[in-house]
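Protein chains: 2
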Amino acid sequence: MKFKEKLSALVSERKTVVCVGLDTVSEKLPAHIRKLDNPVLEFNRQIIEATSDLVCAYKPNIAFYESLAPDGIKILKDTISLIPKSVPVIIDAKRGDIGTTSAMYAKAVFEELNGDAVTLSPYLGEDSLAPFFEYKDKFSFVLCVTSNAGAQDFQFLQVDDRPLYHHVAESVLKWNKNDNLGLVVGASYPQKIKEVRSISGNLPFLIPGVGAQGGDLEAAVKFGSDNGESLVVINSSRAVLYASDGLDFAEKAREEVQRLNQIIADLGIY
Amino acid sequence: MKFKEKLSALVSERKTVVCVGLDTVSEKLPAHIRKLDNPVLEFNRQIIEATSDLVCAYKPNIAFYESLAPDGIKILKDTISLIPKSVPVIIDAKRGDIGTTSAMYAKAVFEELNGDAVTLSPYLGEDSLAPFFEYKDKFSFVLCVTSNAGAQDFQFLQVDDRPLYHHVAESVLKWNKNDNLGLVVGASYPQKIKEVRSISGNLPFLIPGVGAQGGDLEAAVKFGSDNGESLVVINSSRAVLYASDGLDFAEKAREEVQRLNQIIADLGIY
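This is the structure we're talking about:
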């Protein structure tokens, strides 16, 4: 099934737009997990079992697995295989290279790792991302406004009286021939979510930066989805994964997702 | 030894600025290599043995190894271990993510893979790249102008009457507190190499796009190095790796590097 269909089905059924970021760091794992043979995979397994009926997606950031080279990618692949097929997997990779090379990255994330979606970085332009766009059942979220301080360095520069990220949003809208593109819009700037939504048609948004990064969940959902008119995915990583460092970590992770889901339910959008 | 010292030593000793891009694609390997147990590693071994006394660096693009998941990163690590320690390894990764995540990527390329240098993508700004910059003995080449058609989409947009890539070049110059930063400047636009050199002080340039991508080698060396005043690394991948698809592939690869080295020698710069 296409990413957008999987996502829409879960949003309708579960009335949630919460995605859990599987950015697992060995050093932060509970002591009883760290003693095991494959602690990252075991931690992920318990997080997935505790939350997979409550979320609309999972988003592992590939950097956390690459840092466990050379076995990390195997751990990521095994983690993805533990996620129920009905729950889409967004591989946060922020890739972007010349075309022949991007085709290799696309093969890695969509075929080898079996991700449903990916995040991409726009600096090299359309032909650098096209090999991803050609996977019609898969989905690409292109970086637009990010949640970090450095977003100001280039993204906010004015081009024809508008910030560079407006040009990125408009380009992605134009490139969306296969109805499989969206934008990454950080939660740190709620007004920018509203602003980007106003120039992006119905492009789905992936919004990181809620939770440990301090964004505003309610504004992110309302502005990002245009009150339910467009698809939005809100990611939380650390606040869920490390809700407790004890034996009850999975239970506390579940409670944190339930807390986020309740805030969303209270908005009355879904 | 620091990347810049390793590189300078080889440029002085060998009078070359040629780097071989280890972008190995299984489907393009000679038939007799494809029959082996680990064809990519065996091919790389023979290419390295045939050229490691003639080059100033190797540049594996990590995408080609990720596409061989889950074993590809092991193959890349094993390939890097075959390269003589005196020859620096630039891991072409074009990474860039929020700080905590970039720290993971930096660990992956500098510690797990033992690369001497990396390529980075600037869209997320300074704090997204800083974890790489903090490895003082390592080196980061930040994308400035790329060699693909899509470079026009954002890099050429005008910000305060100058293209965006000028702002990137100037930012990298400003960020270069540890004397370990450089720029990626594609070979497709020789005038732009000259132009970027004029605003970048002595930042080393990594210039891909010579050879299969059709750039002009002589102009790249002259303009990129400012006639020998600054460090430049010129990468060739496909024209070297696939100089022949027969039993003589390694010999022909060596001849192609020698041909490039002769063109550089004839310039009389080194």
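From first to last, the protein sequence lines are chains W and B. Per my numbering, the very first residue in the first sequence carries number 1; after that it's consecutive. Per my numbering, the very first residue in the second sequence carries number 1001; after that it's consecutive. Heads up, the beta-carbon is just placed ideally off N, CA and C, and yes, glycines get one too. Because the structure is a prediction, the values reported are computed rather than measured.
Check: Which runs of the beta strand (DSSP E) fall wholly inside the region 79-136 of chain W and span at least 3 residues, in chain order?
Finding: 90-95, 117-120
Check: Which bits of chain W does Gly1182 (chain B) rub up against, with CB to CB less than 7 Å?
Finding: Numbered from 1 along the second sequence, position 182 holds the residue referred to as residue 1182 (chain B). Correct list: empty, because the minimum Cβ distance to chain W is about 16 Å.
Next item on the list: Please confirm if Leu120 (chain W) has its CB atom under 8 Å from at least one CB of chain B.
Entry: Counting from one through the first sequence, the residue named residue 120 (chain W) turns up at place 120. Chain B, which has no Cβ nearer than 8 Å to the Cβ of Leu120 (chain W), makes this no.
Next item on the list: Enumerate, from N- to C-terminal direction, the unbroken beta strand (DSSP E) stretches of 3 or more residues contained entirely within the region 154-234 of chain W.
Entry: 181-185, 205-207
Checklist line | Close beta carbons around Ala1103 (chain B), own chain, < 6 Å, minus the five adjacent residues each side | finding: For the purposes of this step, residue 1103 (chain B) is taken as residue 103 along the second sequence, with counting starting at 1. If we look at Ala1103 (chain B) and ignore the five residues flanking it on each side, its Cβ neighbours are Pro1131.
Margin query: For Met104 (chain W), would you say it is in contact with chain B, using Cβ-to-Cβ distances shorter than 8 Å as the test?
Written below: In the first sequence, residue 104 (chain W) corresponds to position 104, counting from 1. It does: the Cβ of Met104 (chain W) has a partner Cβ on chain B nearer than 8 Å.
Note to self: As a quick exercise: from B:Ala1009, B:Ser1171, B:Tyr1165, pick the residue whose alpha carbon is nearest that of Gln1152 (chain B).
What the structure shows: As a working mapping, residue 1152 (chain B) is identified with position 152 in the second sequence. For the residues B:Ala1009, B:Ser1171, B:Tyr1165, the minimum Cα distance to Gln1152 (chain B) belongs to B:Tyr1165.
Check: For Tyr58 (chain W), which residues does DSSP report across the bridge?
Finding: Here the question's residue 58 (chain W) lines up with position 58 in the first sequence. In DSSP, Tyr58 (chain W) forms a bridge with W:Val20, W:Val89.
Checklist line | Proximity winner among B:Asp1078, B:Gly1096, B:Glu1126, relative to Val1089 (chain B) (alpha-carbon distances) | finding: Translated into positions along the second sequence, residue 1089 (chain B) becomes position 89. Of the candidates B:Asp1078, B:Gly1096, B:Glu1126, the one whose C-alpha sits nearest the C-alpha of Val1089 (chain B) is B:Asp1078.
Checklist line | Chain-ordered residues of the region 1237-1249 of chain B with a beta carbon less than 7 Å from chain W | finding: none
Next item on the list: Take Leu1036 (chain B) and list the residues in its own chain whose beta-carbon comes closer than 6 Å to its own, dropping the five residues that flank it on each side.
Entry: Residue 1036 (chain B) sits at position 36 when you count from the first residue of the second sequence. Closer than 6 Å at Cβ, skipping near neighbours: Glu1042.
Checklist line | 7 Å CB neighbourhood of Ala1169 (chain B) in its chain, flanking five on each side removed | finding: Position 169 of the second sequence, counted from the start, is the residue given in the question as residue 1169 (chain B). Closer than 7 Å at the Cβ level, and outside the excluded window around Ala1169 (chain B), lie Cys1144, Leu1183, Val1196, Ile1199, Ser1200.
Notebook entry, point to check: By Cβ distance below 7 Å, which residues in the same chain neighbour Pro1084 (chain B) in space, the five residues on each side in sequence not counted?
Noted result: The residue labelled residue 1084 (chain B) in the question sits at position 84 within the second sequence. Excluding sequence neighbours, Pro1084 (chain B) sits near Ser1052.
Check: Relative to chain B, which residues along the region 68-101 of chain W have a C-beta separation below 7 Å, given in chain order?
Finding: Ala69, Pro70, Ile73, Lys74, Lys77, Lys94, Gly96, Asp97, Ile98, Gly99, Thr101
Check: Count the other CB atoms within 10 Å of the CB of Glu1111 (chain B); is the residue buried (16 or more) or exposed (fewer)?
Finding: For this step, residue 1111 (chain B) is matched to residue 111 along the second sequence. Classification of Glu1111 (chain B): exposed, given that the 10 Å Cβ count is below 16.
Notebook entry, point to check: Name the chain W residues whose beta carbon is nearer than 9 Å to that of Leu1203 (chain B)?
Noted result: Taking the second sequence and counting its residues from 1, the one referred to as residue 1203 (chain B) is at position 203. The premise fails here: Leu1203 (chain B) is roughly 17 Å from chain W at the closest Cβ pair, so nothing lies under 9 Å.
Next item on the list: With DSSP as the reference, please indicate the residues paired to Ser236 (chain W) in a beta bridge.
Entry: Here residue 236 (chain W) refers to the residue found at position 236 when the first sequence is read from its first residue. W:Val20.
Next item on the list: Give me the Cβ distance between Leu1120 (chain B) and Asp1097 (chain B), rounded to the nearest whole Å; I'm assuming they're in contact under 8 Å.
Entry: Here residue 1120 (chain B) corresponds to residue number 120 of the second sequence, with the count starting at 1. Here residue 1097 (chain B) corresponds to residue number 97 of the second sequence, with the count starting at 1. With a Cβ gap of about 10 Å, Leu1120 (chain B) and Asp1097 (chain B) do not count as contacting.
Margin query: Between His167 (chain W) and chain B, is any beta-carbon pair separated by less than 8 Å?
Written below: In the first sequence, residue 167 (chain W) corresponds to position 167, counting from 1. Cβ-Cβ to chain B under 8 Å: yes for His167 (chain W).
Margin query: Beta carbons nearer than 8 Å to chain B: which residues of the region 250-265 of chain W have them?
Written below: none
Checklist line | Asp127 (chain W): contacting residues in chain B (beta-carbon distance under 7 Å) | finding: In the first sequence, residue 127 (chain W) corresponds to position 127, counting from 1. Per Cβ cutoff of 7 Å: Asn1148, Ala1149, Gly1150.
Note to self: Output needed in chain order: residues of the region 1024-1055 of chain B with a Cβ under 7 Å from some Cβ in chain C.
What the structure shows: The question asks about chain C, but that chain is absent: this structure's protein chains are W and B.
Checklist line | Cβ neighbour criterion (16 or more within 10 Å) applied to Glu1013 (chain B) | finding: Looking up residue 1013 (chain B) in the second sequence gives position 13. So Glu1013 (chain B) ends up on the exposed side.
Item checked: Buried/exposed call for Glu256 (chain W), threshold 16 Cβ in 10 Å -> On the first sequence, position 256 is the one that residue 256 (chain W) refers to. Buried is the call here.
Checklist line | Where Leu267 (chain W) sits in the DSSP three-state scheme | finding: Indexing the first sequence from 1 puts residue 267 (chain W) at position 267. Reduced to three states, the DSSP call for Leu267 (chain W) is coil.
Item checked: Proximity below 8 Å, CB of Ile1269 (chain B) to CB of Gly1228 (chain B) -> Taking the first residue of the second sequence as 1, we reach residue 1269 (chain B) at position 269. Taking the first residue of the second sequence as 1, we reach residue 1228 (chain B) at position 228. It is a contact, given that the beta carbons lie within the stated cut-off.
Notebook entry, point to check: Quick one: does Lys1059 (chain B) have its CB under 8 Å from some CB of chain W?
Noted result: Numbered from its first residue, the second sequence carries residue 1059 (chain B) at position 59. With 8 Å as the cut-off, Lys1059 (chain B) does not count as an interface residue toward chain W.
Item checked: Arg162 (chain W) burial status per 10 Å Cβ neighbour count (16 or more: buried) -> Position 162 of the first sequence holds residue 162 (chain W). Arg162 (chain W) should be labelled exposed.
Check: Cβ atoms of Ser1188 (chain B) and Gly1021 (chain B): under 8 Å apart, would you say?
Finding: Against the second sequence, residue 1021 (chain B) aligns to sequence position 21. Against the second sequence, residue 1188 (chain B) aligns to sequence position 188. The answer is no: Cβ separation not under 8 Å.
Check: Does DSSP classify Ser26 (chain W) as helix, strand or coil?
Finding: Position 26 of the first sequence, counting from 1, holds the residue named residue 26 (chain W). Of the three classes helix, strand and coil, the one that applies to Ser26 (chain W) here is helix, per DSSP.
Next item on the list: Could you tell me whether the Cβ of Ala1220 (chain B) comes closer than 8 Å to any Cβ of chain W?
Entry: On the second sequence, residue 1220 (chain B) is found 220 positions in, with the first residue counted as 1. Ala1220 (chain B) does not count as touching chain W.
Check: Is the distance from the Cβ of Pro1204 (chain B) to the Cβ of Ser1230 (chain B) below 8 Å?
Finding: For the purposes of this step, residue 1204 (chain B) is taken as residue 204 along the second sequence, with counting starting at 1. For the purposes of this step, residue 1230 (chain B) is taken as residue 230 along the second sequence, with counting starting at 1. Yes, these two residues count as a Cβ contact at 8 Å.
Next item on the list: Measuring only between beta-carbons, confirm whether Asp1153 (chain B) sits less than 8 Å from chain W.
Entry: Residue numbering aside, residue 1153 (chain B) sits at position 153 when the second sequence is read from its first letter. It does: the Cβ of Asp1153 (chain B) has a partner Cβ on chain W nearer than 8 Å.
Note to self: For chain W, check one thing: does any of its Cβ atoms lie closer than 8 Å to the Cβ of Ala1117 (chain B)?
What the structure shows: In the second sequence, counting from the first residue as 1, residue 1117 (chain B) sits at position 117. Closer than 8 Å: no.
Check: Does Leu1320 (chain B) come within less than 8 Å of chain W when only Cβ atoms are used?
Finding: The shown model of chain B, from 1001 to 1270, leaves out residue 1320 (chain B), and the question about it has no answer.
Next item on the list: Could you check the C-alpha separation between Val55 (chain W) and Val232 (chain W) for me, to the nearest Å?
Entry: Here residue 55 (chain W) is taken as the residue at index 55 of the first sequence, counted from 1. Here residue 232 (chain W) is taken as the residue at index 232 of the first sequence, counted from 1. Going by the C-alpha atoms only, they are around 13 Å apart.
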